[in-house]
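Numbering (my numbering), first residue to last: 23 to 451.
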């Protein structure tokens, strides 16, 4: 059975910096597919609304394929096929080491080290529709931030402007000295430029700490590849492909702050050469020079067939399409605006029905939220008046009339003056 280039499709993150994807896992799966099915697969920018909002994933004939079931694809050539049982176990341990250590350094360069993140965010926003473009990049960065904070890498080497709130709070705490009995006193003033100098020292210390931790991760990898072309034998295996995916995100794009890429090129030439060797074996293409430039970075991955998606609609186009679909549903009653009286009504698929229910649920939640906000904020007040309130108001009005009549009588008596007593006697008679 032969496979066409569209049967097996990798749904990956958007391209970034001359690479076919913008995350390690997508690049690793691309390398595995090219090694096992050379030229018989395609790649496209996946949609976050499918597969449980998780990228990347692989489909074959529009059916989801788990990574552990890739070997069942027709014509699959396992990259680890020639390895012995002992070598397979060793390959698993090396992959675990790379994923547990080098992945954090790569994510730190992309998400934490200023000012590299805006370039990645721009690539992630490309192709996202409303409202995904308002929360997908922030959600991805939040996940990476939680992981890097756990391992003590977030903020090492500098912070972005939007992430400096916690750092400012720490600086405020450091501006005071705690004395006996818990008393606090401000530190001595050290000059107008003391804050800038402190920031420079802190950044320099962070860069040194990052280089120290990077050497601790890269030294074992460099020793393993010393004098070898690949991890095992004369062809790339899964540890080579995983290391290639990590190094590609560091060595291929051009970063404003290339701290880690410069360290790899200057201190670990064997790793840089290994990256170029694997890329040439899989995709061909040009070699990356020491200054970070390449002869033809775009053509290096030209062998991959990319399925281009139509341009993302604007907000106005999305709203107009939604209103048009609603109007078609209400007028035709069969969910298709193009259906005529002579055509059979097209039944909605399960996915379309699920999407429609989700859309109505979203609008219902938005409407309820707006009403709750208006009532809670006090912009709209609702007052209830019952029958009891009307009766009380009527009694108050009657009491008020009686009081007014008594006041008028007293005023008349005062006007009679000395004749008041005579008038009272006549009344008694």
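Here a beta-carbon is modelled for each residue, glycine too, at the ideal position from N, C-alpha and C. Computed from a predicted structure; not experimentally measured.
Local Cβ density within 10 Å of residue i, reported as buried at 16 or more and exposed below that
i           : result
residue 260 : buried
residue 83  : exposed
residue 286 : buried
residue 470 : This structure cannot settle anything about residue 470, because the visible part of the chain is limited to 23 through 451.
residue 160 : exposed
residue 227 : exposed
residue 522 : It is not possible to answer for residue 522, since the shown part of the chain is limited to 23 through 451.
residue 384 : exposed
residue 329 : exposed
residue 371 : exposed
residue 178 : buried
residue 255 : exposed
residue 157 : exposed
residue 275 : buried
residue 258 : buried
residue 41  : buried
Distance, residue j Cα to residue i Cα
i           : j           : result
residue 304 : residue 297 : 11 Å
residue 31  : residue 230 : 42 Å
residue 392 : residue 29  : 46 Å
residue 395 : residue 379 : 24 Å
residue 23  : residue 94  : Bear in mind that the predicted position of residue 23 carries a pLDDT of just 43, short of 50, making it unreliable; the figure below should be weighed with that in mind. Near 13 Å, if we compare the C-alpha coordinates of residue 94 and residue 23.
residue 381 : residue 73  : 18 Å
residue 39  : residue 71  : 25 Å
residue 68  : residue 386 : 28 Å
residue 36  : residue 389 : 33 Å
residue 293 : residue 89  : 27 Å
residue 104 : residue 51  : 20 Å
residue 239 : residue 124 : 7 Å
residue 281 : residue 398 : 50 Å
residue 295 : residue 113 : 20 Å
DSSP three-state assignment for residue i, whether helix, strand or coil
i           : result
residue 31  : strand
residue 86  : strand
residue 38  : strand
residue 169 : helix
residue 326 : coil
residue 57  : helix
residue 143 : helix
residue 99  : coil
residue 134 : helix
residue 125 : helix
residue 79  : strand
residue 372 : helix
residue 71  : coil
residue 43  : coil
Contacting residues, own chain, Cβ-Cβ under 8 Å from residue i (five flanking each side not counted)
i           : result
residue 155 : 147
residue 121 : 264
residue 64  : 27, 28, 30, 31, 32, 326, 327, 328, 329
Sequence-distant residues of its chain with Cβ nearer than 7 Å to residue i (five each side left out)
i           : result
residue 170 : 126, 129, 130, 134, 176
residue 262 : 252, 253, 300
residue 110 : 102
residue 186 : For residue 186, the predicted model reports a pLDDT of 46, less than 50, meaning its position is unreliable; a value from the coordinates is still stated below. If we look at residue 186 and ignore the five residues flanking it on each side, it has no Cβ neighbours.
residue 236 : 127, 282, 285
Own chain, CB closer than 6 Å to residue i, minus 5 neighbours either side, in chain order
i           : result
residue 277 : 138
residue 269 : 297
residue 99  : 58
residue 166 : 129, 133
residue 49  : 43, 267, 270
residue 87  : 80
residue 77  : 35, 68
In chain order, which continuous runs of the alpha helix (DSSP H) of length 4 or greater are located wholly inside the segment 235-297?
-> Listed in chain order, they are 260-273, 281-289.
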